[in-house]
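Participant:
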Amino acid sequence: MCGFIGYISSKEHSKNSIYEKKFEKYFELLINRGPDFKIKKKIYSNNSLINIGFLRLAIQDLSSKSNQIFMNEKKILLFNGEIYNKHDLYREYLNNKILKTNSDTEVLFYLLDKYGSSIISKLSGIFSIIFIDIESNDVFAIKDITGTKPLYYKIEDGNFLFSSEAWFLYSLSDKKINSKALSFYFNYGFTPPGETIIETIKKIKPAEIIKFNFNLKKLNSEMYFDFKKDKKKKLSDQESINQTIKDTIEMNLLSDAKIGTFLSGGVDSSTITILAKQLNNDVESFTTFYLPDKKFDKFNVDFEYSKRVAKDFNVKLNVKYVETEKEYYNDFLKVTSYFDEPVSNLNFMNSYWQSKMAKENGAKVVLTGDGADELFCGYDRYKKSFIANKLSMFSFANNKIKKYNKLKDEEMINFFHSKFKIFDLKNLFYNIYDFQDDYKFEFLNNTNFNNNIDKINYFDTYYWLSSENNYKLDKTTMINSVEARVPFQDIKLFKKLYYVNNFKKINLFDQKFLIKNLNILPNYVKKRKKQGWFSPEKFFLDLFLNDLESTFFNEKKIKSQQIINFEFLKKLIDFYKSDSRAYKI
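Note that the sequence shown ends on residue 647 in the numbering used here; no numbers are left out.
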């Protein structure tokens, strides 16, 4: 796992000195993404200047041989991520080419050099990639299938600028607010794929390959995985699914550095932990516990399951005890200052604390269960929609069944995902027209899903998983220089299961039985009630809302920005204070 930054501009462009100054500053600020090695290079080609920086977190091949930018006279690769099937790809596509390192980056370089972007759909891994073809004047920017690794870009005067974090590009923008993206955020709690809240700063979408020709100044985009494709694939037999899950987790253990898991004691994390332990006896796990335990009893339910799983399967369990209110608040400020996009869910603190503990215990890699709920239909909303569909004949007698079956398309997505259901949020903006209630977020355009579960699952997978869940996971782990891996988001699993009608993955009595049927989980995990991985948000707000208000909600500053209507913001805060039971952020 690494970080990179750079730009391709005309040699004599008037902003080159500004670009370079900002480049130098933000290159150094990427150090947490690559604390083991850093390098910068300038390349002049024809009429172009290519200025790039790379910082390495050494995971595969820990030797100094891999401390480099992989390139030749014609091609340059900047790579953030891991390629788990590097050995298979090497044997199949590179004909035993002599390599100088044991890193996946070198294999990827030669694959792209030989086959170009057509090879991307063959990769199993997590990645964001910049690949520069000096000869053809093309730069490719690429993300993995579910967008686990960030990659931002800006096109300005025909120049192409990019970075693993958005701050570099923000600093070069006029900071004009992208009102549609901000409107999306206030509706759903995250910014949409491809957009940031700054109008001119974009991000690569999940499973997207963009190609920019820096001679012709032309941009093209293509997707190598179609999330909108009809779900008509036949469900594989259980034995085949079991083997794919096992193979995927085994591939995710590819590392020359110490590996751990996040363990909540639920179906997903327990499956990964148990299988990982069977394959690598040195695997340890990490979890969180809030003190005092009586006060936070309901938030520590996961711990009891984590502890039991760890004991029963002989896994060393490292526990982060969150002991003081001051620690919580200071860590919150630290993490949020690192976010380059807005978030709306405080559960990111768990992955921050656990990855911090992983680092302290020498683990550079952690495996998590993120993505299983989307691929195996684990969320309660799927169960509710499934039951309502199956019992539709009783709609006349049950208002809930009637309500769920009446939800259509975007209306259904808003029902499950809209953050604010009480206030008219037009009033939140300084200029009422900046909040476009009539923005039609037509998520289901060009789709032909035939049931509500497939429709909401599409939103969950393409939008929420990539832009909300994976964003937070990357940020909160990389702030600690720890790589988070997500086996249940592997492309092989997606190709096998994503296009299967979701009605085949759920029944009236059980969810995620396709994972449970691995038959490695103890019954107390299989039968435990589904519970999200959350943190005590209400306690946090009750304790620190006044501090947050005095620190960040400065009336003079907010009014001068002319973005948010301060009076309405104050109304929201006062409403929470007056009756916090009535409103949840």
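Even for Gly, the Cβ is constructed at its ideal location relative to N, Cα and C.
Determine whether the beta carbon atoms of Pro254 and Phe246 lie at a separation below 8 angstroms.
Facilitator: yes
Participant: Taking 8 angstroms as the threshold (C-beta atoms), are Asn240 and Ile259 in contact?
Facilitator: Using a Cβ distance threshold of 8 angstroms, Ile259 and Asn240 count as a contacting pair.
Participant: Which same chain residues, not among the five before or five after Ile191, have their C-beta less than 6 angstroms away from its C-beta?
Facilitator: Phe141 and Ile204
Participant: Going along the chain, which residues of its own chain have a beta-carbon closer than 7 angstroms to the beta-carbon of Asp636, five neighbours each way excluded?
Facilitator: There are no such residues.
Participant: Please list the terminal residues of the continuous alpha helix (DSSP H) segment that includes Thr307.
Facilitator: According to the sequence shown, residue 307 is Ile rather than Thr. Taken as a continuous stretch (DSSP letters only), the alpha helix (DSSP H) holding Ile307 covers Gln300 to Met313.
Participant: Between the stretch 308-319 and the stretch 290-297, do three or more beta carbon pairs fall short of 8 angstroms?
Facilitator: Cβ pair count under 8 angstroms is below three, so no.
Participant: Report buried or exposed for Leu570, applying the criterion of at least 16 other Cβ atoms within 10 angstroms of its Cβ.
Facilitator: exposed
Participant: Between Lys600, Val381, Asp402 and Leu631, which has its C-alpha nearest Tyr492's C-alpha?
Facilitator: Leu631
Participant: Enumerated in chain order, which unbroken segments of the beta strand (DSSP E) with a length of 3 residues or greater are wholly contained in the stretch 148-232?
Facilitator: List check, beta strand (DSSP E) in window: 187-195, 200-205, 214-218 and 221-225.
Participant: In its own chain, which residues sit with a C-beta less than 6 angstroms from the C-beta of Gln551, not counting the 5 before and 5 after it?
Facilitator: Thr208 and Gly433
Participant: Ignore the nearest five residues each way along the sequence and tell me which others in Asn627's own chain have a CB closer than 7 angstroms to its CB.
Facilitator: Cβ neighbours of Asn627 beyond the five flanking positions: Asn489, Leu490, Phe491 and Tyr492.
Participant: Does the structure place the stretch 424-433 close enough to the stretch 314-331 that three or more beta carbon pairs sit under 8 angstroms?
Facilitator: They touch, by the three-pair rule.
Participant: Kindly provide the ranges of any alpha helix (DSSP H) runs that are 4 or more residues long and lie completely inside the stretch 382-464, ordered along the chain.
Facilitator: Taking 4 residues as the shortest admissible run, the stretch 382-464 contains the following complete alpha helix (DSSP H) segments, listed from N- to C-terminal end: 387-400, 410-422, 434-437 and 442-452.
Participant: Sort out for me which residues DSSP pairs Arg118 with in a bridge.
Facilitator: Cys64 and Phe99
Participant: Between Ser110 and Lys73, which are expected to be in contact by the criterion C-beta below 8 angstroms, what is the C-beta distance as a whole number of angstroms?
Facilitator: 7 angstroms
Participant: Quick one: is Asn514 buried, meaning 16 or more other Cβ sit within 10 Å of its Cβ, or exposed?
Facilitator: buried
Participant: From this set, Leu281, Arg118 and Val587, which residue's C-alpha is nearest Gln130's C-alpha?
Facilitator: Arg118
Participant: Give the list of continuous beta strand (DSSP E) stretches no shorter than 3 residues that lie fully inside the stretch 493-578.
Facilitator: Along the stretch 493-578, the beta strand (DSSP E) occurs as fully enclosed runs of 3 or more residues at 545-547, listed in sequence order.
Participant: Per DSSP, Thr349 is paired with what?
Facilitator: Val381
Participant: Using the C-alpha atoms, what's the distance from Lys464 back to Tyr645?
Facilitator: In this prediction, Tyr645 has a pLDDT of 40, which is less than 50 and means its spatial position is unreliable; what the coordinates show is noted afterwards. So the alpha carbons of these two residues sit roughly 26 angstroms apart.
Participant: Residues in its own chain within less than 6 angstroms of Ile553 by CB, not counting five upstream and five downstream?
Facilitator: Ser186 and Ile207
Participant: Please look up how many angstroms separate the CB atoms of Ser326 and Asp364, rounded, as I've assumed it's under 8 angstroms.
Facilitator: 4 angstroms
Participant: Can you check which of these residues, Pro212, Ser417 and Met133, is closest to Asp195 by C-alpha distance?
Facilitator: Considering only Pro212, Ser417 and Met133, the residue with the shortest C-alpha distance to Asp195 is Met133.
Participant: Closest by CA to Trp526, which one among Pro268, Tyr367 and Val562?
Facilitator: Pro268
Participant: Can you grab the Cα-Cα spacing for the pair Tyr638 / His479, in whole Å?
Facilitator: Rounded to whole angstroms, Tyr638 to His479 spans 20 angstroms at the Cα level.
Participant: Beta strand (DSSP E) containing Asn275: first to last residue?
Facilitator: Looking at the DSSP string, the run of the beta strand (DSSP E) that includes Asn275 is Glu270 to Asn275.
Participant: Got a sec? Which residues, its chain only, sit under 6 angstroms from Gly220 by beta carbon, not counting five neighbours each side?
Facilitator: Lys279
Participant: Out of Lys273, Lys445, Phe448 and Thr509, point me to the one whose CA is closest to Glu472's CA.
Facilitator: Thr509
Participant: Less than 8 angstroms separating the beta-carbons of Phe215 and Phe202?
Facilitator: According to the sequence as given, residue 215 is Tyr; it is not Phe. Their beta carbons are not under 8 angstroms apart, which means Tyr215 does not touch Phe202 by this criterion.
Participant: What number of angstroms, rounded off, separates the C-alpha of Pro584 from the C-alpha of Leu453?
Facilitator: 31 angstroms
Participant: Taking the C-alpha atoms as reference points, what is the distance between Phe458 and Ser283?
Facilitator: Cα to Cα, Phe458 sits roughly 48 angstroms from Ser283.
Participant: What do you reckon, are the CB atoms on Lys445 and Gln624 nearer than 8 angstroms?
Facilitator: no
Participant: Which residue wins for smallest C-alpha separation from Leu316, given the options Asn113, Ser126 and Ala546?
Facilitator: When the alpha-carbon of Leu316 is set against those of Asn113, Ser126 and Ala546, the nearest one is in Ala546.
Participant: For Pro212, is the classification buried or exposed, using 16 other Cβ atoms within 10 angstroms of its Cβ as the cut-off for buried?
Facilitator: buried
Participant: Using only the alpha-carbon positions, how far apart do Ile647 and Asn392 sit?
Facilitator: Reliability of the predicted coordinates at Ile647 is poor, the pLDDT of 34 falling under 50, and no value is obtained from them.
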